[in-house]
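Written out below as structure tokens is the structure these notes cover.
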Amino acid sequence: MTERLPRTLGFWSSVALVIGITIGSGIFRSPADIAQKVPNPLLMLGLWAAGGMITLCGALSLAELAA
């Protein structure tokens, strides 16, 4: 028989989940506002790629700390 992990979610895990969902939903609203302010589509894609690289660096830094 395979052991299963307990299905528990503590207070701080719940808080982190709600904060993550709130921040994550902003990704659908922010690009439209930025695209209205940037006249060139290539510049918009460049800003989007730069933001992705910054986010990736932050994620890799947190992964290093967790390891």
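Each residue of the sequence shown is one higher than the last, beginning at 3 in the numbering used here. Quick reminder that beta carbons are idealized off the backbone N, C-alpha and C, glycines included. Since the structure is predicted, the reported quantities are computational estimates derived from the model, not experimental observations.
Against chain D, does residue i count as a neighbour if the rule is that its beta carbon must be under 7 Å from one of theirs?
| i | result |
| --- | --- |
| Ile29 | Chain labels in this structure do not include chain D; a single protein chain is all it has. |
Terminal residues of the continuous alpha helix (DSSP H) containing residue i?
| i | result |
| --- | --- |
| Gly26 | 13 to 27 |
| Thr57 | 43 to 68 |
| Pro8 | Pro8 -> no alpha helix (DSSP H), and no H or E assigned at all. |
Could you check the C-alpha separation between residue i and residue j for me, to the nearest Å?
| i | j | result |
| --- | --- | --- |
| Gly26 | Ser32 | 11 Å |
| Leu67 | Ala61 | 10 Å |
| Ala69 | Pro41 | 42 Å |
| Ala51 | Glu5 | 43 Å |
| Gly54 | Gly22 | 17 Å |
Looking only at its chain, what residues have a beta carbon closer than 7 Å to the beta carbon of residue i, apart from the 5 residues adjacent to it on each side?
| i | result |
| --- | --- |
| Val20 | none |
Contact check, residue i vs residue j under 8 Å by CB: the rounded distance?
| i | j | result |
| --- | --- | --- |
| Ala34 | Met46 | With a Cβ gap of about 11 Å, Ala34 and Met46 do not count as contacting. |
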